[in-house]
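Report on the structure given below.
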Amino acid sequence: MTALLRPFCAALLTSATLFTTAPIASASAPTLLVADNPAAAHPNFTVRVVGKGQPMLLIPGLTCPGAVWDETVAHYQKQYQCHIISINGFGGTAAPASTENLLQNVRDQLLTYVKTQHLHKPVVVGHSLGGFLALWMSTTQPDAVGPLVIVDSLPFLSAVQNPMLTAEATKPMAEGVRQQVGRGHMDAATARQMSASLMTDTARIRQATAWSVASNPATVGQAMYDMYTTDLRPDVARIQQPVLVLGAWAAYKAYGSTKESTRAIFEQQYAKLPQHRIEMSEAGKHFLMWDDTQWFLAQSDAFLKQYAVAKK
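Counting with the numbering used here, you get residues 7 to 318 for the letters of the sequence shown.
Right under this line is the structure:
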């Protein structure tokens, strides 16, 4: 995969390619999360709800459960009703019965959840794969959700190196990734090495590694395939709400990337998105809510406050 895609791509995908079939105990349930929702209507994910106020959906990235948002939830729970998503098969959660059309099913079930729970224009915060899903939800049903906060994610990850690449052309590479990841032959040491390139704190690296190794290989392999072969760049033109895109570049310095060159990639991919602002973290790696927490929260706060004022 890395021979075809820049290391930037690998970082955006978190440590998803690094699995072993030997299970590692998943993280304990977040102490902040106090309510659970029946999962019959959404077999591809579970939801925990905490807080009061305007609804906010928080969608994690590949291999991560909803606990990745604990600090974000602690910050927002007094003014938002936080709906924290954990995609089944990630981070030690039970794998779904089927991986067919995985991300499309997650997208559709999330939109159904918003409707059945009567969530009016929820804010959607998504990291990496979660950011991609947030964009996909909005392009599918532009009226269903409110403002989006997209954390280090792109509408078409496969085109980072070659903007002319099409979704169809990526299928052979994506199929190879799906098969490789599905075999689950990578070990925990390799997973830790990858995690260390995506965040700085030792405890965070340990946690992310455990989640990666505990994830179901077939589920992650299918999620990667779906993401690699879905191009949302033209579709983002349908998004009606404001979007804040938070990008990282520090993790890619070793490969020759600069803040300017990385920002240019974001600008190119989001060019057709009507209402958007792109901000780049100075020092944070891929997990911006962990690596540059105060900056992440300050950017999100200012954006959401502006949206609330504009809505009145």
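Glycine is no exception: its CB is placed at the ideal position from the N, C-alpha and C atoms.
Quick caveat, the model's predicted, so the values are computed rather than measured.
- Here Ser267 carries a helix assignment [DSSP, helix/strand/coil].
- The C-alpha of Val79 is placed about 21 Å away from the C-alpha of Ala254.
- Taking all protein chains shown into account, Gly67 has 16 or more neighbouring C-beta atoms within 10 Å of its C-beta and is therefore buried.
- Setting aside the 5 residues that flank it on each side, Thr264 is surrounded in the same chain by Trp255, each with a C-beta closer than 8 Å to its C-beta; the list follows chain order.
- Buried is the label assigned to Asp158, since at least 16 other Cβ atoms lie within 10 Å of its Cβ.
- Between the segment 164-175 and the segment 132-151, the count of C-beta pairs closer than 8 Å stays below three; the two stretches do not touch.
- Given a length threshold of 4 residues, each whole run of the alpha helix (DSSP H) inside the segment 200-226 is given here in chain order: 208-220.
- Taken through DSSP and simplified to helix, strand or coil, Phe96 comes out as coil.
- Residue state for Glu106 is assigned as coil, using DSSP reduced to three classes.
- Straight across, the Cα-Cα distance linking Thr206 with Leu63 is about 26 Å.
- Of the candidates Phe51, Met170, Val120, Asp193, Phe51 places its Cα closest to the Cα of Asn111.
- Per DSSP, Thr78 is one residue of the alpha helix (DSSP H) stretching across 76-82.
- Ranking Gln300, Leu125, Gln274, Ile93 by CA distance to the CA of Gly152 puts Leu125 first.
- Between Gln312 and Gln281, the CB-CB gap reaches or exceeds 8 Å.
- Nearest to Lys58 by C-alpha distance, out of Thr122, Gln85, Gln305, is Gln85.
- A Cβ-Cβ distance of about 25 Å is found for the pair Thr235 and Thr196, leaving them out of contact under the 8 Å criterion.
- Taken atom to atom, the span from the alpha-carbon of Asp307 to that of Ala314 is near 10 Å.
- Gly97 and Ser134 have their C-alpha atoms spaced approximately 15 Å apart.
- The distance from the Cβ of Ala229 to that of Leu109 is about 6 Å, consistent with a contact at the 8 Å cut-off.
- Assigned with DSSP and collapsed to three states, Gln123 falls in coil, not helix or strand.
- Per the coordinates, the alpha-carbon of Arg54 lies some 7 Å from the alpha-carbon of Ile91.
- Under a 10 Å Cβ-count criterion, Ser287 is classified as buried, with 16 or more other Cβ atoms of the shown protein chains found around its own Cβ.
- As computed with DSSP, Phe51 is found in a beta bridge with Ile93.
- A direct Cα-Cα distance of roughly 29 Å separates Ile211 from Gln87.
- DSSP places Leu160 outside both helix and strand once states are collapsed to three, so it counts as coil.
- For Glu181, the enclosing alpha helix (DSSP H) stretches over residues 173-189.
- Per DSSP, Met170 lies in no alpha helix (DSSP H) and is assigned neither H nor E.
- For Val151, the secondary structure class from DSSP, reduced to helix, strand or coil, is coil.
- Boundaries of the beta strand (DSSP E) around Leu250: 249-253.
- Around the CB of Lys259, fewer than 16 other CB atoms lie within 10 Å, so the residue is classed as exposed.
- Cys88 is bridged by DSSP to Val56, Met62.
- In this structure Glu285 is not in contact with Gln300, their Cβ atoms being roughly 14 Å apart against a cut-off of 8 Å.
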